[in-house]
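With this note's numbering, letter number 190 in the sequence shown gets 191, and the count goes up by one each step, no holes.
For glycine and all other residues, C-beta sits at the position ideal for the given N, C-alpha and C.
A quick note: this is a predicted structure, and the numbers were derived from the prediction, not measured.
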Amino acid sequence: AIVNDLSIDRAGEFIASCSDDGTVVINGLFSAECESFTYQRPVKSLALDAKFSRKANRHFASGGLAGQLLLNEKGWFTSKDKVIHAGEGPVYSIAWADSLIAWTNDVGVKIFDNATNQRITYIDRPKGSVRPDAMKCHLCWESSTMLLIGWADFVKIAQVKERPARDGMQAAKYVEIIAFFHTDYFISGLAPMGENLVILAYITEEEGKSKGQAERPELRIVTRNNDELSSDALSMHGFEKLTAKDYHLAFLASDSVFFIVSPRDIVVARQRDFDD
């Protein structure tokens, strides 16, 4: 079955995968530990709790064509799923940072606080944008309070803030959109790089090109106001036949290393230094 998503915990001790046959598998990277979970519908995305290897209850979130965001928690003898949200179409993407879980469905992006068991916000999908199933939404937690969103041809940066407690009411988290811009390409992934953003750009057909033949993807560095600083075209095997959903961008923030993944290649990109 097709593997749709991968997730690694913060300690780098466990990796989880999900696939179209409804299977979620969690493997220890330095042990023989392996757990498998089976669902009735294809699972399109999942995310391990960042502290998965350090907690006894070992949470992970998953979702897919069943249209439910599920939170799985390990008990004494078995695991159980709790429905966090349902009823707004398939779940396409999930990202987890500390207690905050972000996910996308047909209507937009939502954020849930697992510590307080409350949904914080809803960020709508711009009207007239490409169908959610045609262009995957890319979510990236830059920090525990800063979420990068790249969907089709737009970028939003959301910051989670907290209203102070007053008048006997508890402090409450809310979200503010601090940046928003459109692009002239489709987004196949995004990540932070200091004050700037790294975007994996899928270029649409140029005039004179045969229909159905894609351009080479480009790794672009832009400011948070969408001013382009650099652009590098990537030679990936079979790029002519690949779509925006065939690419993925992963990164290691501590080392400024970026991984561009396609069905046949993995390209490693590093930030240049003076020696280069």
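Can you tell me whether residue i is buried or exposed? The criterion is at least 16 other CB atoms within 10 Å of its CB, across all chains shown.
| i | result |
| --- | --- |
| D6 | buried |
| G88 | exposed |
| N226 | exposed |
| H60 | buried |
| C35 | exposed |
| S46 | buried |
| S231 | exposed |
| G30 | Checking the sequence shown, residue 30 turns out to be Leu, not Gly. Result: exposed. |
| K111 | buried |
| N58 | exposed |
| Q272 | exposed |
| T122 | buried |
| K157 | buried |
| T79 | exposed |
| V269 | exposed |
| A245 | buried |
| I267 | exposed |
Near residue i, what residues of its chain come up, given a Cβ to Cβ distance below 8 angstroms and the 5 sequence neighbours on each side ignored?
| i | result |
| --- | --- |
| P264 | G239, L243, D247 |
| E229 | R221, I222, V223 |
Measuring alpha carbon to alpha carbon, tell me which of the options ends up nearest residue i.
| i | options | result |
| --- | --- | --- |
| G129 | H183, I112, A173 | H183 |
| M136 | V92, E177, R167 | V92 |
| I95 | L70, L201, Q119 | L70 |
| A180 | V44, G90, I124, A251 | I124 |
| L140 | D22, I16, T122, A159 | A159 |
| E196 | I121, D154, L235, A254 | A254 |
| D82 | V268, V25, F155 | V25 |
| R132 | R120, D154, T117, N118 | D154 |
| K75 | A245, K56, Q119 | K56 |
| S145 | D266, P43, I102, C138 | I102 |
| N118 | H86, D168, S18 | H86 |
| W142 | D134, R42, L235, G190 | G190 |
Could you tell me whether the Cβ atoms of residue i and residue j are closer together than 8 angstroms?
| i | j | result |
| --- | --- | --- |
| D99 | A51 | yes |
| V258 | I222 | no |
| G151 | R126 | no |
| I188 | A166 | no |
| D107 | G90 | yes |
| G68 | Y40 | no |
| V241 | Q214 | Checking the sequence, you will find Glu at residue 241 rather than Val. Yes, Cβ-Cβ distance for E241 and Q214 is below 8 angstroms. |
| A33 | W97 | no |
| G65 | W104 | no |
With a CB to CB cut of under 6 angstroms and the five nearest residues on each side skipped, what residues in its chain are close to residue i?
| i | result |
| --- | --- |
| I204 | Y186, E216 |
| A12 | S54 |
| V262 | H249 |
| F252 | A192, F259 |
| I9 | I16 |
| S18 | V4, L7, V26 |
| M147 | Q160 |
Can you find the residues in the same chain that come closer than 7 angstroms, C-beta to C-beta, to residue i, ignoring five residues on each side of it along the sequence?
| i | result |
| --- | --- |
| I3 | S20, D21 |
| V84 | Q69, L71 |
| E208 | Residue placement at E208 is poorly supported in this model, since its pLDDT is 46, which falls under 50; the coordinates are not used for a value here. |
| D233 | E219, L220 |
Of all the beta strand (DSSP E) runs that stay within the bounds of the region 23-62, which reach a length of 3 or more residues? 24-29, 35-39, 44-49
Could I get the ranges of all uninterrupted beta strand (DSSP E) runs contained in the region 219-265, with 3 residues as the minimum, in chain order? 219-223, 229-234, 249-253, 258-262
Could you tell me which uninterrupted beta strand (DSSP E) segments, each at least 3 residues in length, are contained entirely in the region 63-129, listed from first to last along the chain? 69-75, 80-87, 94-98, 101-105, 109-114, 119-125
Suppose only complete runs of 3+ residues qualify. What are the beta strand (DSSP E) ranges in the region 173-212, listed by chain order? 173-183, 187-194, 197-203
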